[in-house]
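Student: One structure, as structure tokens, below. Some questions next.
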Amino acid sequence: MLQGGSLSLYVTVNPAQTYGIDFYRMGWYGGKGGRLELHADALAGISQPSCPSDASTGLIACNWAPSYTMTIPTAWTSGVDMAVLTNGAGYQKAYNDFPDDRQTGKSLYEYNSYGPNTVAGTPRAVKVSFDRPFSDDGSADFFSWEVQFVRWIERTGYDVTYSTDLDTHTNGAQLLLHQAFLSVGHNEYWSNEMYNAAQAARDAGVNLAFFGANAVYWQVRYESSAGGATNRVMVCYKSGSIDPVQGPTTTLRWRDYPISRPEQTLMGVMYTSEVASGNNVPYVVTNSSNWTYNSTGFHDGDTVAGIVGYEMDRYMSTYAGPTNLSWTLLSKSPFTNTSGVADYANSSIYEAPSKAWVFASGSMSWSWALDNYRTTIQTDPRIQQTTVNVLNAFLSGAPVVHDLKVTAPSGVTSGQAFPVSVVAENDRGATVTSYTGTVHFSSSDTATGVTLPADSPLTNGAGSFSVTLMTVGPQTLTVSDSANSLSTTANLTVNPPLASKLVITGPATTVAGQAFSISVTAQDASGNTVTTYSGTVHFASTDSSAGVSLPADSTLTNGQGTFSVTLIKAGAQTLTATDAANQLSGTANLAVTPAPANKLALAAGTSSPAGSSFG
Numbered sequence: 021m022l023q024g025g026s027l028s029l030y031v032t033v034n035p036a037q038t039y040g041i042d043f044y045r046m047g048w049y050g051g052k053g054g055r056l057e058l059h060a061d062a063l064a065g066i067s068q069p070s071c072p073s074d075a076s077t078g079l080i081a082c083n084w085a086p087s088y089t090m091t092i093p094t095a096w097t098s099g100v101d102m103a104v105l106t107n108g109a110g111y112q113k114a115y116n117d118f119p120d121d122r123q124t125g126k127s128l129y130e131y132n133s134y135g136p137n138t139v140a141g142t143p144r145a146v147k148v149s150f151d152r153p154f155s156d157d158g159s160a161d162f163f164s165w166e167v168q169f170v171r172w173i174e175r176t177g178y179d180v181t182y183s184t185d186l187d188t189h190t191n192g193a194q195l196l197l198h199q200a201f202l203s204v205g206h207n208e209y210w211s212n213e214m215y216n217a218a219q220a221a222r223d224a225g226v227n228l229a230f231f232g233a234n235a236v237y238w239q240v241r242y243e244s245s246a247g248g249a250t251n252r253v254m255v256c257y258k259s260g261s262i263d264p265v266q267g268p269t270t271t272l273r274w275r276d277y278p279i280s281r282p283e284q285t286l287m288g289v290m291y292t293s294e295v296a297s298g299n300n301v302p303y304v305v306t307n308s309s310n311w312t313y314n315s316t317g318f319h320d321g322d323t324v325a326g327i328v329g330y331e332m333d334r335y336m337s338t339y340a341g342p343t344n345l346s347w348t349l350l351s352k353s354p355f356t357n358t359s360g361v362a363d364y365a366n367s368s369i370y371e372a373p374s375k376a377w378v379f380a381s382g383s384m385s386w387s388w389a390l391d392n393y394r395t396t397i398q399t400d401p402r403i404q405q406t407t408v409n410v411l412n413a414f415l416s417g418a419p420v421v422h423d424l425k426v427t428a429p430s431g432v433t434s435g436q437a438f439p440v441s442v443v444a445e446n447d448r449g450a451t452v453t454s455y456t457g458t459v460h461f462s463s464s465d466t467a468t469g470v471t472l473p474a475d476s477p478l479t480n481g482a483g484s485f486s487v488t489l490m491t492v493g494p495q496t497l498t499v500s501d502s503a504n505s506l507s508t509t510a511n512l513t514v515n516p517p518l519a520s521k522l523v524i525t526g527p528a529t530t531v532a533g534q535a536f537s538i539s540v541t542a543q544d545a546s547g548n549t550v551t552t553y554s555g556t557v558h559f560a561s562t563d564s565s566a567g568v569s570l571p572a573d574s575t576l577t578n579g580q581g582t583f584s585v586t587l588i589k590a591g592a593q594t595l596t597a598t599d600a601a602n603q604l605s606g607t608a609n610l611a612v613t614p615a616p617a618n619k620l621a622l623a624a625g626t627s628s629p630a631g632s633s634f635g
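Residue 21 is where the sequence shown starts when you use this note's numbering, and the numbers rise one by one after that.
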């Protein structure tokens, strides 16, 4: 039912009397299992006429007058609502409804024995109408398997919406708007439209889970009521010899010809047999290293008491299995069925080519390990964790490493270390924290001076490393894990190093007035010659004496140059090479010694008397 839509209840009481209705939304609600949403009191009940039966089909359809009509409040969120009818004597009966806020069912009528004709029991009917009362307490087995799952999933905090089988039948495209479709409880009867919708959703990447058994077993069709209301009659002959419709919609088992669509091609497993009610057997773990069992502590052969039954599924090798990228049977639980034959149940997980995951519990009673409402089975934290693992994989991807994500700069400098991060991620880009592999580094650059990390594990699926490459030009960096068939290559460009200084090399001592040679080298921060340096070098000195000879402003060749310098003034002097445009400089300190004498200089007066000394 949509918010704002109209809901009519059809009630008969005998004798005529007043009654009340309490509407509860089922869920956790602090362990109470439900929240009262609406109370309607002192409703005048009437005895409705008996319902006619079609002798040829067993169809029972009631032509009753509406007893109570309401508009679904817009404040009601999607959920399972139970309407409890109580008469003056305190007798109660329930009515199940699924308010829908259009944000994801279960058909309630297959096992409804009112009338008494039913599709599943005796007397057999080949057609059943939605226009008839519920039998027994009216909950349609909701309290057998579904209430535990509803309480648990809402308590755990998942964002869930609810729908019925009829919603899937009439509007299967709605499944495409969700990350997962969950079939919970006894979901045995599927129309062709339902099967197609679930298959299309899976093939579009929507995850599927079957938390029950014996699902998708019989094909059914829907017909209009005698009054023309669409999809009010469910048809299931269970025999091709009496079904008037022959072909792909004949109401047989899905695995049978001419349908030939074994349910395990959708679910991964399919119905095999059952035990009597109350004779459930233990769940036996296999393939415990699978990610579905992460953080459970399960080992192969471990058991969980009492959650396999009463109906069970398994993989049957005589039928086609699902098309898959990977497929694991998670349990093999032996039992002796009601015919005294040894059998076993499997749970299953597979990844479809669309990357959707499909889980099947293989047992009707999986939910009993999630929440012990109205069961004697104790909840099991390991099964709870397994269910969390499955649902979390539906939301953010399974913790299966799809690739190693390598993040490195697109451009690096020759000879300079740069950071590289490696993350083991799943197919949705989420980090796989459980990854235990070892990563190995290699590069197309094999020059001297290249530095690569040693083989290393990752911490919680991630690691940071330092790499140095040398050869200028396009290069690759590859991170691999051969044991897990993982390899990722990053393409990057190694750029020439940038000059950070000018280095002057020359004699520590020189003689005043004598030319000497110096070399100037452009170097990076690591002391490597920058052969691509193209700046202009200007020379200066602390010696400003006449006769000082300094090189003209010059460029370097391959980052180096040799020049001639002459200083004049004796003593400590400096030479400086600068490139103002690139903010580079270099200084050399040297000692200038006086030049040796190469002549005598005589100084005397211009005249002196003859015979007189002078000096």
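Note that beta-carbon positions come from the ideal geometry of N, C-alpha and C, so glycine has one too.
Every value quoted in this text rests on a predicted model; they were computed, and no experiment measured them.
Does the Cβ of R448 have 16 or more other Cβ atoms within 10 Å, making it buried, or fewer, making it exposed?
Tutor: Per the 10 Å Cβ criterion, exposed.
Student: For the stretch 258-278 against the stretch 316-333, are there 3 or more C-beta pairs whose distance is under 8 Å?
Tutor: No: fewer than three Cβ pairs fall under 8 Å.
Student: Pull up the DSSP beta-bridge partners for P494, would you.
Tutor: For P494, which the question treats as bridged, DSSP gives the partners T513.
Student: I want to know whether the stretch 368-378 touches the stretch 333-344 - three or more CB-CB distances under 8 Å.
Tutor: As far as the Cβ criterion goes, the stretch 368-378 touches the stretch 333-344, which means the pair count is three or higher.
Student: Which partner residues of S201 appear in the DSSP bridge assignment?
Tutor: The question names Ser, yet the displayed sequence has Phe at residue 201. F201 is bridged to L228.
Student: Using the C-alpha atoms, what's the distance from L576 back to V440?
Tutor: About 35 Å.
Student: Return helix, strand or coil for Y131, following the three-state DSSP convention.
Tutor: Since pLDDT at Y131 reaches only 40, below the 50 mark, its modelled position is unreliable, and no value is offered.
Student: Distance, Cα to Cα, V304 vs Y39?
Tutor: Rounded to whole angstroms, V304 to Y39 spans 49 Å at the Cα level.
Student: When the Cβ atoms of the stretch 472-486 are set against those of the stretch 442-460, are three or more pairs found closer than 8 Å?
Tutor: Yes, since at least three Cβ pairs between the stretch 472-486 and the stretch 442-460 fall closer than 8 Å, the two stretches touch.
Student: Looking at C-alpha atoms only, which residue of T316, E213, R144 and G51 is the closest neighbour of V240?
Tutor: Out of T316, E213, R144 and G51, E213 has the C-alpha closest to the C-alpha of V240.
Student: At what residues does the beta strand (DSSP E) containing I588 begin and finish?
Tutor: It is not in any beta strand (DSSP E) - I588 carries neither H nor E in the DSSP assignment.
Student: Quick one: grab the DSSP three-state call for Q194.
Tutor: Helix.
Student: How many whole angstroms separate the CB atoms of D544 and H558, which I take to be in contact at a CB cut-off of 8 Å?
Tutor: About 21 Å; that fails the 8 Å criterion.
Student: Below 7 Å CB to CB, which residues in the same chain sit around G225 once its five sequence neighbours on both sides are set aside?
Tutor: Cβ neighbours of G225 beyond the five flanking positions: S374, K375 and A376.
Student: Taking the alpha carbon of P516 as the reference point, which residue from L522, Y553, F536 and T530 has its own alpha carbon closest?
Tutor: It is Y553 whose Cα lies nearest to the Cα of P516.
Student: For the alpha helix (DSSP H) that W347 lies in, which residues bound it at each end?
Tutor: No alpha helix (DSSP H) holds W347; the beta strand (DSSP E) holding it covers S346 to L349.
Student: On the CB-based measure, 16 or more other CB atoms within 10 Å of its CB, does I279 come out buried or exposed?
Tutor: Flag for I279 reads buried.
Student: Check whether the stretch 243-253 and the stretch 292-304 touch, using three or more Cβ-Cβ pairs below 8 Å as the test.
Tutor: Touching, no, given that fewer than three Cβ pairs across the two stretches are closer than 8 Å.
Student: Mapping DSSP to helix, strand and coil, what is T396?
Tutor: Correct three-state label for T396: coil.
Student: At 3 residues or longer, what runs of the beta strand (DSSP E) sit wholly inside the stretch 457-488?
Tutor: Runs found: 458-463 and 482-487.
Student: Can you name, in chain order, every residue of its own chain whose Cβ lies under 6 Å from the Cβ of A17, other than the five neighbours on each side?
Tutor: Outside the modelled stretch of the chain, which goes from 21 to 635, sits residue 17, for which no answer is possible.
Student: Compare the C-alpha of R402 against each of W386, Y393, L415 and G417 and name the closest.
Tutor: The shortest Cα separation from R402 among W386, Y393, L415 and G417 belongs to W386.
Student: Helix, strand or coil for L27, going by three-state DSSP, please let me know.
Tutor: Three-state DSSP puts L27 in a strand.
Student: Let me make sure I understand the geometry here. Which of D563, A95, I524 and E331 has the alpha-carbon closest to that of G25?
Tutor: Measuring from the Cα of G25, the nearest candidate turns out to be A95.
Student: Let's test the definition: count the other Cβ atoms within 10 Å of the Cβ of Y286 and tell me whether it reaches 16, buried, or not, exposed.
Tutor: In the sequence under discussion, the amino acid at residue 286 is Leu, which differs from the Tyr named in the question. Answer is buried; the Cβ neighbour count reaches 16.
Student: Grab me the residues of G431's own chain with a C-beta within less than 6 Å of its C-beta, minus the 5 sequence neighbours each way, in chain order.
Tutor: So the list reads T513 and N515, once near-sequence residues are dropped.
Student: Quick one: what's got a C-beta closer than 6 Å to N227's C-beta in the same chain, skipping five residues either side?
Tutor: Excluding residues within five positions, the ones whose Cβ falls inside 6 Å are A200, A376, W377 and F414.
Student: With a threshold of 6 Å on Cβ separation, who are the neighbours of W636 within its own chain once the five nearest residues in sequence on each side are excluded?
Tutor: Because residue 636 is not part of the residues shown, which for the chain are 21 to 635, the question remains open.
Student: Tell whether a beta-carbon distance below 8 Å holds between V568 and A590.
Tutor: No, the pair does not count as a contact, with Cβ atoms beyond the cut-off.
Student: Return the residue from the list Y335, S359, N307 and S203 that minimises the CA-CA distance to L350.
Tutor: With distances taken between Cα atoms, L350 lies closest to N307.
Student: With distance defined between alpha-carbon atoms, name the residue in S462, G606 and P69 nearest to V499.
Tutor: The residue with the shortest Cα to Cα distance from V499 is S462.
Student: For I524 versus L570, is the C-beta distance shorter than 8 Å?
Tutor: No, the pair does not count as a contact, with Cβ atoms beyond the cut-off.
Student: Rounded to whole angstroms, what is the Cα-Cα separation between V180 and Q404?
Tutor: Approximately 17 Å, taken between the alpha carbons.
Student: Would you say L56 and D42 are within 8 Å of each other, going by their C-beta atoms?
Tutor: Contact: yes.
Student: Can you list, in chain order, the stretches of the beta strand (DSSP E) that have 3 or more residues and sit fully within the stretch 35-122?
Tutor: As far as the stretch 35-122 is concerned, its whole beta strand (DSSP E) runs of at least 3 residues are 38-46, 54-64, 88-91, 101-107 and 112-117.
Student: Going straight from the alpha carbon of E130 to that of Q284, what length do you get?
Tutor: Residue placement at E130 is poorly supported in this model, since its pLDDT is 40, which falls under 50; the coordinates are not used for a value here.
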